[in-house]
Each structure stands twice: as structure tokens, then as C-alpha cells.
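Enquirer: Numbered continuously in the working numbering, the sequence shown closes out at residue 1407.
Note that beta-carbon positions come from the ideal geometry of N, C-alpha and C, so glycine has one too.
Input: one structure, supplied below.
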Amino acid sequence: MKKIYTFILAALTVMAFAQQAPTTCSNDPIFMATNKPGIWPDSATNFIQGTVGLPYGQNITVRVPKDTVQSSITICFNRIELTTPASYTNFNLPPGLNLLAGTTVTASAGVYKYPGNMVSCSVISGTPTTAGTYTVQFKVQPYLTPSFSGPCPATPNYNSGSASISPPTTLSYYIIQINPAVGIKEEVNSRSLNVSNVPNPFSAKTTIKFTVKDEAPAKICVYNLLGDKIFEDKIKTTYGDNSYELGGSNLSNGMYLYTIQYKNFSETKRMVLSANR
């Protein structure tokens, strides 16, 4: 039974980086479609990397089951509580980041309550201030109620139930890598090319779109968060809207900067590569 508790924590729709860190979350549709209890991302996918001075957003999805069976007795899930282990502060998140609760999650005094028989979300959000590797620490405590007279309620009372694990389980396999400030800045020139890429985040491929007012060569470059160029290609533009399909098979998960260089100016944007699942 302990096994089912250890995967009731969070899950991710890797969120596109924006000018501001996200303050809301959403349930990952692919994870929800599995109808399985647990978390996304799992320990293999893990949390996305961040960069000092750039907004960070890690979406988390949690599906708490309705019930489980132990020794022929039906056990109803009231809630799962997440707290910070006593020897840590703020889940050991990187400085500048915080865990924000979704609309169905109750958060008070550092205790986050995820209701039973429900899919909920949270988001790790903020702007990192210190580079380093941070192992996130979640203390997980399920609250359960045995059912002797029928099925568990579809909407359990998440304020009741008894703690089922002593001591609570501590999950310590999620890692957030915060890289030093990037060596290249995102910028938009006064003569904007209206650069964007769709989808963003992406897995197998994404389409970079931009607009020019002439036919001339353009260069597309992709950089990692340290400012190292990892990809370059040249194309000939056409008047108006242009597009370029970029594959992600040779890239690792994480955030990248890409630049469209056209004539004597350029425009740089961010994109996020997530696991192909």
C-alpha cells in the first residue's frame, strides 16, 4: 500500500516561459487521459531546468485515487498532504521559486491538501536568483477513512480521515537545475519580425514563424542557456509570412533561445522542449 502513496504527488505540463512567471496552473491533458493515479512529471522525466534571472514555471498535476483495498477492506482517500520536511525550508526549492496551489488545492501555513478522487494542479513559479542543483523535498502524508458499509463517496470530506503513514514518506527525487545567467539576452528590435514558434513547449518538432518585408537570406540559430550555439541553418525568405520546421530529436529537454538574423537586425525568443510521450 505504501507504493501507491509514493507516486501521489505532482505532474507536469511543461509550461512555456513568458515575460512573467506563471501564477496559475492547468491539468496535463495527456496525463489525465491515462486515468491513472499518480503524478506528472514522474521521476524519470523530472522537473525542467531554469536560469538565473529568467521566469520559471513548472506545472504539476496530481491525481489522488478514490480508494484502495487492504486486507479485503476498502480504504477511501480523503486527501494527500504535502509539507516541507523539518530539516528543510520551502521544499528546498531554489531561491526565488515558490509552490503555488491550484483552485482545488487548499494551502495554508505550508500545508498543501490535494483532495481524494480528484485531479488537481500546482505550479512551481518565480524567478531564480541563485544557480545550483536543488533536490526538491516533499513530505507526503495520505489521510484515509475505511469504508465498512459501501463504496467510497465520489466527493470525500478532505478535512477528515486519519494519517496512514508514520513517519510520512519523503519524496526526494525531483531535481531543479538552475543555470547561471544566460550569455545571450532575449530581445525584440524596433523592426520586429514577429517571431514565434508553435507549439511551445514542443516535443518532436516545432514551427518557427516570422514576417519580413523583402526576399533575402536569413539565419536561424539555436543556443543553450549558457549562450553556446548548438544549431544553425540558413534559408531564403519570401515577402510576408515565413516558417521553418525545427526538429527536437537531437536536443535534450529544457529551455533554449533561438534567433532569427535578417539583414542587419535580429530577434531572439525562448522555446521549451519537453519529453516526447
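1) Expressed to the nearest angstrom, what Euclidean distance is found between the alpha-carbon atoms of residue 1253 and residue 1191?
2) With respect to the alpha helix (DSSP H) encompassing residue 1159, which residues constitute its N-terminal and C-terminal limits?
3) Compute the Euclidean distance between the alpha carbons of residue 1247 and residue 1341, then round it to the nearest angstrom.
4) What did DSSP end up calling residue 1361 once you bin it into helix, strand or coil?
5) What separation, rounded to the nearest whole angstrom, lies between the Cα atoms of residue 1204 and residue 1176?
6) Would you mind reading off the limits of the beta strand (DSSP E) that contains residue 1187?
7) Helix, strand or coil for residue 1278 per DSSP?
8) So what does residue 1256 bridge to, in DSSP terms?
9) From the DSSP output, in three-state form, read off residue 1383 for me.
10) As a quick exercise: from 1358, 1354 and 1396, pick the residue whose alpha carbon is nearest that of residue 1403.
11) When the distance is taken between beta carbons, is residue 1270 closer than 8 Å to residue 1299?
12) So, for residue 1391: in the same chain, excluding its five sequence neighbours on each side, which residues have a beta-carbon less than 6 Å away from its beta-carbon?
13) For residue 1158, is the classification buried or exposed, using 16 other Cβ atoms within 10 angstroms of its Cβ as the cut-off for buried?
14) Ignore the nearest five residues each way along the sequence and tell me which others in residue 1207's own chain have a CB closer than 7 Å to its CB.
Expert: Working from what's here:
1) 9 Å
2) 1159-1163
3) 48 Å
4) strand
5) 32 Å
6) 1186-1194
7) coil
8) 1186 and 1227
9) coil
10) 1354
11) yes
12) 1349
13) buried
14) 1194, 1195, 1196, 1197, 1246, 1247, 1272, 1274 and 1286
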